[in-house]
Amino acid sequence: MRRRSLALVAIAAIALSACAPTLQDAPAGAAVTPPTAWRTSLEVTAPVERDWWDSFGDPQLARIVEQARANNPDVLIAAARVEEARATERGSRGFLLPAVGAGVQGGVQREVSPFGQAQTAIAAQPAFRASYEVDLFGKNAARIDAAEAGVAASAAGAEAARLSVSAATASGYITLLALDSRLSVLEDTLVARQEAVKFARDRAEVGYTSQLPLRQAEAEYQATAQLVPQLKAQIARQENALSILIGELPGTIERGGTLEDLRRPPAPMTLPSELLRRRPDIAAAEYRIAAADAQMRMARADFMPSLDLGATAGLALSNLLADPVGVWSLSGSILAPIFQGGSLQAQLDGATAQRDQAAWAYRSTVLSAFREVEDRMAALANLQDQEAALQAQKLAVADALRHARNRYRAGYSPYIEQVDAQRALLGVELSLLQVKVDELTALVGLYQAVGGSPE
-3 MRRRSLALVA
7 IAAIALSACA
17 PTLQDAPAGA
27 AVTPPTAWRT
37 SLEVTAPVER
47 DWWDSFGDPQ
57 LARIVEQARA
67 NNPDVLIAAA
77 RVEEARATER
87 GSRGFLLPAV
97 GAGVQGGVQR
107 EVSPFGQAQT
117 AIAAQPAFRA
127 SYEVDLFGKN
137 AARIDAAEAG
147 VAASAAGAEA
157 ARLSVSAATA
167 SGYITLLALD
177 SRLSVLEDTL
187 VARQEAVKFA
197 RDRAEVGYTS
207 QLPLRQAEAE
217 YQATAQLVPQ
227 LKAQIARQEN
237 ALSILIGELP
247 GTIERGGTLE
257 DLRRPPAPMT
267 LPSELLRRRP
277 DIAAAEYRIA
287 AADAQMRMAR
297 ADFMPSLDLG
307 ATAGLALSNL
317 LADPVGVWSL
327 SGSILAPIFQ
337 GGSLQAQLDG
347 ATAQRDQAAW
357 AYRSTVLSAF
367 REVEDRMAAL
377 ANLQDQEAAL
387 QAQKLAVADA
397 LRHARNRYRA
407 GYSPYIEQVD
417 AQRALLGVEL
427 SLLQVKVDEL
437 TALVGLYQAV
447 GGSPE
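Letter 239 of the sequence shown, counting from 1, is numbered 235 in this note's numbering, and no numbers are missing.
Written out as structure tokens, the structure is:
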């Protein structure tokens, strides 16, 4: 009879499971096939080193990047999320184990005995209770799979945060050195324009020229001088931003050298097919799809019957009993959903939509990753040509300034020609600095775009 009952339960469970809806596959269009080659080809490349920031040859740059990776608040928040996901994963494993508890129930009661006598009963019943849900259709196993995928996604997200902070710190330090170089150029220009003011004043005092060239020289000097405090304020703001990145209060940032001292390392080399496994944000997006798939399996399992087992064992203690009496019970229940007003189907539809969202988010992340690599490679491929053109322009403008200065001092041309040449030279020098900065920051961005060198 017992075997027949168990067989009926099993048959009923199988019949109910056959009525459960089927799971839908992820959208086919969410997959991305990597190209066979990059659109832009760089001449000199090298494998990505683990500590790629060391390749720039500035010990201070390396130090603040390491400090940012260890102390940046965003990195620490991401690490805490990993610990939270691990705790959730450990908690989900408890659903596969029986729940055991212990307790004591007791009291004092005064009543009338069957013989018409008043009596006081003091009773206590310590007991152990155990319950267990049989995972017939894998709901709890799916819960664990979702939690494990969540841990992996959080770990990949933490690595993406470290990579982003590393790149931001390196780029911020390079920008700080560039601001220092711009300040140096302005100070050199101020010296030259101060000499021009002195020359124009000397000529005006002896009556060789009018006051016009002197006022023009003074105006150009002040136009350059007013840029200096602006630049110093920018340097202070950049130092403050870097201080926050490395997890400290705003303050001065020590330099390890100048912008000219920085080495230009070769561009990081990676194949398009390798990008999908190198980028931590792509890995995190992939794990989120796995977690969403597991959530779908959990929602489908809610359509299935659940089987719960329970057991209780203890002692009955009373002053009315000569000896303690052992008590125990075994129980089992099976509950299958019949009508839930469409809530179970709505939960499954919602879980399916979340999985589809994760799939499309994965495609978006992959496409953005390929675009970031291509953008930075295109920038690096053209910046060298731009720098060469600017170097040639600088030589021509410097020569034009020399001629304009000589012509002005000889009295053959007005002072405005020298002013125009000075302005052109200052613009070219600042443009050359910006090209070098753009090249170095594009390299940093390319290291980030290819995923750095995962630990």
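Cβ atoms here follow ideal geometry from the backbone N, Cα and C, with glycine treated the same way. Here the structure is a predicted model, which is why all the values come from computation and not from measurement.
Buried versus exposed, by CB contacts within 10 Å (16 or more), residue i
i	result
S360	exposed
D395	exposed
Y408	exposed
A213	buried
A219	exposed
N402	exposed
T437	buried
P23	exposed
R89	exposed
Q105	exposed
E107	exposed
W324	exposed
D54	buried
A215	exposed
E155	buried
Q101	exposed
F52	buried
S384	Note that residue 384 is Ala in the sequence shown here, rather than Ser. With fewer than 16 other Cβ atoms within 10 Å, it is exposed.
V321	exposed
A143	buried
A354	buried
A229	exposed
V433	buried
Whether residue i touches residue j by CB criterion (8 Å)
i	j	result
V28	L428	no
A58	D50	yes
Q444	L159	yes
A137	Y283	no
L173	L227	no
A16	V161	no
A392	L38	no
L271	F124	no
D371	S127	no
D131	L92	yes
N68	G253	no
L313	A75	no
I60	T165	yes
Cα-Cα separation between residue i and residue j, rounded to whole angstroms
i	j	result
Q368	L442	For the record, residue 368 in the displayed sequence is Glu; it is not Gln. Cα-Cα distance, rounded: 8 Å.
A40	L439	The displayed chain sequence assigns Val, not Ala, to residue 40. The straight-line gap from Cα to Cα measures roughly 12 Å.
A200	L210	7 Å
V446	P225	39 Å
E62	Y411	53 Å
M300	L19	14 Å
V431	V424	10 Å
Q418	A357	52 Å
A188	A157	47 Å
Y404	E191	14 Å
V44	S269	15 Å
A66	L340	45 Å
F195	A388	29 Å
V415	L72	53 Å
S302	A263	58 Å
D47	L245	26 Å
P261	M373	14 Å
L379	T36	13 Å
R296	L344	6 Å
I334	A342	15 Å
A279	G448	14 Å
L175	H399	30 Å
L331	E129	11 Å
A307	A26	49 Å
W34	A281	23 Å
R(-2)	G103	Annotation note: pLDDT 47 at R(-2) (below 50); position unreliable, coordinate value reported separately. Those two C-alpha atoms are separated by around 38 Å.
D298	G338	12 Å
Cutoff 8 Å: residue i Cβ touching any chain C Cβ
i	result
L428	No chain C appears in this structure, which consists of one protein chain only.
Would you say the region 253 to 260 touches the region 205 to 214, given that touching needs at least three Cβ pairs under 8 Å? no
What are the uninterrupted segments assigned as alpha helix (DSSP H) that are 4 or more residues long and contained completely in the region 59 to 130, given in chain order?
-> 69 to 89
ask   = Taking contact to mean at least 3 C-beta pairs separated by less than 8 Å, is the region 284 to 298 in contact with the region 342 to 353?
value = yes
- List in chain order: all unbroken alpha helix (DSSP H) runs of 4+ residues lying wholly within the region 406 to 451. 411 to 445
At least three beta-carbon pairs within less than 8 Å, the region 159 to 175 to the region 237 to 247:
yes
Are at least three pairs of beta-carbons, each pair with one atom in the region 139 to 154 and one in the region 67 to 87, less than 8 Å apart?
-> yes
Item to check | Secondary structure, beta strand (DSSP E): runs of 3+ residues fully inside the region 244 to 324 | outcome: 302 to 314
Report task. Give a yes or no on contact between the region 83 to 97 and the region 271 to 283, applying the rule of three or more CB pairs nearer than 8 Å. Result -> no
Worksheet item: What residue ranges within the region 187 to 226 form continuous alpha helix (DSSP H) runs of no fewer than 4 residues, ordered along the chain?
Response: 207 to 221
* Complete runs of the alpha helix (DSSP H) confined to the region 337 to 376 [at least 4 residues] -> none
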